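Asks: In this text, residue positions in the sequence shown follow this note's numbering: the first is 5, and each later residue adds one.
Here you go, one structure.
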Amino acid sequence: MSVPSSARTGTIRLTVGQALVRFLAAQFTERDGVRERFIPGTFGIFGHGNVAGVGQALLQNATDPGEGENPMPYYQARNEQNMVHTAVAYARTRNRLQAFACAASIGPGSTNMVTGAALATVDRIPVLILPSDIFATRTVDPVLQQLEDETGGDVSVNDAFRPVSRYFDRISRPEQLIPAVLQAMRVLTDPAETGAVTLSLPQDVQAEAHDWPLELFRERTWHVARPVPEPAALDRAIDVIRTARRPVLIAGGGAVYSEASAALAAFTDATGIPVLDTQAGKGALSADHPLAIGGVGATGNNAANDLAAEADVIIGVGTRYTDFTTASHTAFRHPGARFVNLNVKAFDAAKHSATMVVTDARAGLDALREALGDYRAPAEHSALAQTRRAAWEELVEPCFQPHDQELPAQTEIFGALNELMGEEDVVINAAGSMPGDLQALWKARSPLQYHLEYGYSCMGYELPASLGVKMAAPESEVVAIIGDGTFQMAPQEIATIVAERVKVILVILQNHGWSSIGSLSESHGSERFGTKYRLRNEETGLLDGEKLPFDIPANIRSYGLEVQEVSSAVSFREAYRRAEASEQATAIVVNTDLYGPNPPGNGWWDVPVSQVSRLESTRRASQEYEADKAPQRHYL
5 MSVPSSARTG
15 TIRLTVGQAL
25 VRFLAAQFTE
35 RDGVRERFIP
45 GTFGIFGHGN
55 VAGVGQALLQ
65 NATDPGEGEN
75 PMPYYQARNE
85 QNMVHTAVAY
95 ARTRNRLQAF
105 ACAASIGPGS
115 TNMVTGAALA
125 TVDRIPVLIL
135 PSDIFATRTV
145 DPVLQQLEDE
155 TGGDVSVNDA
165 FRPVSRYFDR
175 ISRPEQLIPA
185 VLQAMRVLTD
195 PAETGAVTLS
205 LPQDVQAEAH
215 DWPLELFRER
225 TWHVARPVPE
235 PAALDRAIDV
245 IRTARRPVLI
255 AGGGAVYSEA
265 SAALAAFTDA
275 TGIPVLDTQA
285 GKGALSADHP
295 LAIGGVGATG
305 NNAANDLAAE
315 ADVIIGVGTR
325 YTDFTTASHT
335 AFRHPGARFV
345 NLNVKAFDAA
355 KHSATMVVTD
365 ARAGLDALRE
375 ALGDYRAPAE
385 HSALAQTRRA
395 AWEELVEPCF
405 QPHDQELPAQ
415 TEIFGALNEL
425 MGEEDVVINA
435 AGSMPGDLQA
445 LWKARSPLQY
455 HLEYGYSCMG
465 YELPASLGVK
475 MAAPESEVVA
485 IIGDGTFQMA
495 PQEIATIVAE
505 RVKVILVILQ
515 NHGWSSIGSL
525 SESHGSERFG
535 TKYRLRNEET
545 GLLDGEKLPF
555 DIPANIRSYG
565 LEVQEVSSAV
575 SFREAYRRAE
585 ASEQATAIVV
595 NTDLYGPNPP
605 GNGWWDVPVS
615 QVSRLESTRR
625 ASQEYEADKA
635 PQRHYL
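Written out as structure tokens, the structure is:
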């Protein structure tokens, strides 16, 4: 409910915590005429730093709200890093038009959120971080969990949030909250500037009362802009594109968040330019489109990488060109390759000495298509792209079939899931070997279907993310694919999933090791050292004994979740259909082969190898590394 205009001229006495909750509950966003609540709820874990401050404010909001105060639902998390991941997944699924707040106590409760904040900022996803802080009055000094700094009394562990936040402020007096929350909302709702926003809240200030102007609590609508291209910048981009004989377009996350799928399809239909995608951009153009070629870069497919290597003009739409997208600056090999970058953020638009077009992806694609008029890429170029895509699909078909081994490869499970899931269902993954296989193999038929966190590549993201995605897309079947290594890092939010009665499907692939880093270790001369889950061998002194007797199904059942354990692709399909039909969350533990096989690839990733070594495996890998590095260059 909004505050009546006649009452806005007065004041109301509230604590800082109460004022913050009331303010956040009255914030809205609007884009394309659609208005919605921006902060739909708060995740929190309480300790002595916030239980009587923000915690009391959330309780009061839930049980005795003030006149005109909107509700602020509270969700109990089990791990502070996890709750930020859940919030990020929610905001990403909502195309950054909604974001959660995450509140924690002081000390370790707060610093546990630093990794989540870094992930949000790297991935350009809004999340409001509310860490508690030490006493502003310093009457109690040092307070429990305070790290004392001998160089300054105003330093706390929360300063660790500064480099990973798009905006940081410490609220040392009640009056400071007013400009701080307005700045926080500005950053959170800005497509170019968004990321983690941190408001550090000293525990005594949270409970301090102040007379607040009622105007602070009126409903505010933050209009999310669609910047259009500057005409001169558009003209420069047109001049470059019209010279192209072998152009490609790379769709990044910005193409998804700006809801540019229809504009991208129209642009591709009009120009015949093949579309390659990044991890965040997969699905921006449906895989069913004849010119959707698939993932590009270090873990991209051969068809996309061959087109990238020959491209004379690369049109980047909403991408920040990570090293995986550029294959560590070896993907684009045409000696005269030029870039045209459409991006809402000038920092990204300028990369690779590009012709910059600072614009919303959807608005930019529409403007570019209209300005290009009758331009089309050469017909033979478009036809070659389709031929290469067909050849790639034929090449990798065996990845989805049973192999001459006892247990299935993870690619068999991915192929089954890709067939079983609907286009509005969501598959979630993050770090390890699985993102590489998925980028190369998955056919995303909608922008919603493919949810990969690969900007920060954070192990532990997948399980809490499934909760956030399901909260944001309740009608979708949400499937988190989790390695056994990732599962051991962050299983805690299973309890939250059960408590909230959220229906998700957790697919845990058990291969008793870190498959991705093991493969990388082997290929770089380090012989898979320290990458398998084994008991300490008393004879060798190494972790190369029997398999670690860790019972993942039993661990999951202890949370009260139904578990199915399977060891073949056929039994997995049956288990998935049962999980899909269930009204409750289900886990499927799949025993898979640690060694693959994985899809072939012609991309490269720069991971330096020791230049000197007594190990023959390392010396050999070093020689291969120097040869592979030869095509690497700056794109000038």
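All C-beta atoms, glycine included, are put in the ideal place defined by N, C-alpha and C.
A quick note: this is a predicted structure, and the numbers were derived from the prediction, not measured.
Buried or exposed: Pro235, going by 16 or more other Cβ atoms within 10 Å of its Cβ?
Replies: Flag for Pro235 reads exposed.
Asks: Using CA atoms only, rank isn't needed, just tell me which of Ile521, Glu34 and Ile560 is closest to Ala229.
Replies: Checking every option, the nearest Cα to that of Ala229 belongs to Glu34.
Asks: Applying the 10 Å Cβ sphere with the 16-neighbour rule, what's the burial state of Met541?
Replies: It should be noted that the sequence gives Asn, not Met, for residue 541. That one is exposed.
Asks: Find out if the Cβ-Cβ distance for the pair Ser450, Gly258 is shorter than 7 Å.
Replies: Against a cut-off of 7 Å, the Cβ pair of Gly258 and Ser450 comes out as no contact.
Asks: Figure out for me which residue from Ser571, Ser621, Val506 and Ala634 has the closest Cα to the Cα of Ser586.
Replies: Per the Cα distances, Val506.
Asks: Would you kindly check if the distance between the Cβ of Arg366 and the Cβ of Ala264 is under 7 Å?
Replies: It is a contact, given that the beta carbons lie within the stated cut-off.
Asks: Given 8 Å as the limit, is there contact between the region 190 to 210 and the region 301 to 321, that is, 3 or more CB pairs closer than that?
Replies: At 8 Å Cβ cutoff, the stretches do not touch.
Asks: Please name the residue in Leu445, Ile509 and Asp310 whose C-alpha comes closest to that of Ala335.
Replies: Cα-wise, what sits closest to Ala335 is Asp310.
Asks: Please report how far the alpha carbon of Glu481 lies from the alpha carbon of Ala589, in whole angstroms.
Replies: Approximately 11 Å between the Cα atoms of the pair.
Asks: Tell me the DSSP bridge mates of Asp281?
Replies: In the DSSP output, where bridge partners are listed per residue, Asp281 has Ala255 and Gly299.
Asks: For Pro235, does the three-state DSSP call read helix, strand or coil?
Replies: Reduced to three states, the DSSP call for Pro235 is helix.
Asks: Per DSSP, Leu132 is paired with what?
Replies: Paired residue(s): Ala105 and Val201.
Asks: Give the DSSP-derived three-state secondary structure of Val317 in the structure shown.
Replies: Strand at Val317.
Asks: Report the option in Tyr460, His455 and Pro478 whose CA atom is closest to the CA atom of Ala469.
Replies: Selected option, being the one with the closest Cα: His455.
Asks: Nearest by alpha-carbon distance to Ile417: which of Ala484, Val126 and Ala91 is it?
Replies: When each option's Cα is compared against that of Ile417, the closest is Ala484.
Asks: Looking only at its chain, what residues have a beta carbon closer than 7 Å to the beta carbon of Met117, apart from the 5 residues adjacent to it on each side?
Replies: Result list for Met117: Glu84, Gln85, Val88, Cys106, Ala108, Ile133 and Pro135, in chain order.
Asks: To the nearest angstrom, report how far apart Glu566 and Gly440 are at their CA atoms.
Replies: In a straight line, the C-alpha of Glu566 is about 29 Å away from that of Gly440.
Asks: Considering only the beta carbon of each residue, do Gly256 and Ala284 sit closer than 7 Å?
Replies: Yes.
Asks: Can you grab the Cα-Cα spacing for the pair Pro167 / Val92, in whole Å?
Replies: Going by the C-alpha atoms only, they are around 18 Å apart.
Asks: Specify the secondary structure class of Phe343 as computed by DSSP and reduced to three states.
Replies: Correct three-state label for Phe343: strand.
Asks: Throw me the rounded Cβ distance for the Glu212 and Pro178 pair, which I believe falls under 8 Å.
Replies: Between Pro178 and Glu212 the Cβ distance is about 6 Å, and since that is below 8 Å, they are a contact.
Asks: What does DSSP give as the partner residue(s) for Trp216 in the beta ladder?
Replies: DSSP lists Ile16 as partners of Trp216.
Asks: Taking only the alpha-carbon atoms, compute the straight-line gap between His214 and Thr15 and give it to the nearest angstrom.
Replies: Whole-angstrom Cα-Cα distance: 9 Å.
Asks: Once the 5 residues before and after Ser332 are set aside, which same chain residues still bring their CB inside 8 Å of it?
Replies: Same-chain partners within the cutoff: Ala302, Trp608, Trp609, Asp610 and Gln636.
Asks: According to DSSP, which residues form a beta bridge with Met360?
Replies: Met360 is bridged to Asn345.
Asks: With DSSP as the reference, label Gly48 as helix, strand or coil.
Replies: It is a strand residue.
Asks: Suppose you measure from the CA of Ser9 to the CA of Val25; what does that come to, to the nearest Å?
Replies: A caution first: Ser9 carries a pLDDT of 43, below 50, which makes its placement in the model unreliable, though a value can still be read off. Taking the straight line joining both Cα atoms gives about 20 Å.
Asks: May I have the straight-line CA-CA distance separating Met189 from Ser262, to the nearest angstrom?
Replies: Their backbone Cα atoms lie some 19 Å apart in a straight line.
Asks: Just the Cα atoms here: how many angstroms apart are Asp717 and Gln149?
Replies: Limits of the chain in this structure are 5 at one end and 640 at the other, which puts residue 717 out of reach.
Asks: Can you tell me where the alpha helix (DSSP H) with Phe491 in it begins and where it stops?
Replies: Start and end: Asp488 to Met493.
Asks: Would Ala375 pass as a contact of Leu181 if the rule is Cβ separation under 7 Å?
Replies: No, the Cβ-Cβ distance between Ala375 and Leu181 is not below 7 Å.
Asks: Alpha carbon to alpha carbon, how far is Leu18 from Trp216?
Replies: Cα to Cα, the separation comes out at about 7 Å.
Asks: At what residue ranges does the region 397 to 433 contain a whole run of the alpha helix (DSSP H), taking only runs of 4 or more?
Replies: Runs found: 414 to 424.
Asks: Checking the sheet assignment: what are the DSSP bridge partners for Tyr79?
Replies: Per DSSP, Phe47.
Asks: Could you pull out every residue in the same chain whose Cβ sits closer than 7 Å to the Cβ of Ile138, ignoring the five residues on either side in sequence?
Replies: Around Ile138: Ile110, Val147, Gln150, Ser160 and Pro206.
Asks: Buried or exposed, going by whether 16 or more other CB atoms sit within 10 Å of the CB of Leu62?
Replies: Per the 10 Å Cβ criterion, buried.
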